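Read through the structure below, which is laid out as structure tokens, and then see the notes.
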Amino acid sequence: MKLYELKKNSIEIKKEDMTVGCAVNDTNASPELIKKFRNKEEALEELKKYNTEIDEFSSATGTMCNVTEYYVEENEYDEDGEWNSGGDIWEISK
Numbered sequence: 006m007k008l009y010e011l012k013k014n015s016i017e018i019k020k021e022d023m024t025v026g027c028a029v030n031d032t033n034a035s036p037e038l039i040k041k042f043r044n045k046e047e048a049l050e051e052l053k054k055y056n057t058e059i060d061e062f063s064s065a066t067g068t069m070c071n072v073t074e075y076y077v078e079e080n081e082y083d084e085d086g087e088w089n090s091g092g093d094i095w096e097i098s099k
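For the sequence shown, this note's numbering begins at 6 and goes up steadily by one.
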């Protein structure tokens with residue numbers, strides 16, 4: 006069964022290293038599942054309600070940002086609900 010999952014992920018990063026997708030592509034991340042959809046268009050429509058959040062703060066190493074991004078990820082599961090394949094990102098919040 007193919008599902009389109011709306012997820013949220015956050016990362017602390019140096020301001021100068023910040024790019025679109027930096028939180029989504031963080032390999033040490035623990036994404037939070039917000040909602041599952043059977044239809045890609047519905048998932049992408051729901052994503053429009055979310056905006057990337059950026060909070061700046063100072064640290065000993067300079068200006069840092071806490072970046073929270075929302076995104077739609079396609080995953081395929083077997084009949085027992087076990088993950089088979091996927092991980093394709095369809096869109097990231099603005």
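Beta carbons: idealized from backbone N, C-alpha and C, even for Gly. Quantities reported herein were computed from a predicted structural model and do not represent experimental measurements.
Beta-carbon spacing of residue i, residue j below 8 angstroms
i	j	result
Thr68	Lys20	yes
Asn89	Leu8	no
Ile16	Ala28	yes
Backbone CA spacing between residue i and residue j [nearest angstrom]
i	j	result
Glu37	Lys12	6 angstroms
Asn14	Glu96	13 angstroms
Glu51	Asp60	23 angstroms
Ser64	Val77	32 angstroms
Phe62	Asp22	14 angstroms
Gly26	Tyr82	25 angstroms
Ile18	Leu49	26 angstroms
Phe42	Glu10	6 angstroms
Per-residue burial, residue i [other beta carbons within 10 Å of its own, 16 or more giving buried]
i	result
Glu74	buried
Val72	buried
Ser98	buried
beta-carbon residue i near the ligand ZN non-hydrogen atom, thresh 7 angstroms
i	result
Leu8	What this structure holds is no ligand at all, so the ligand ZN is not there to describe.
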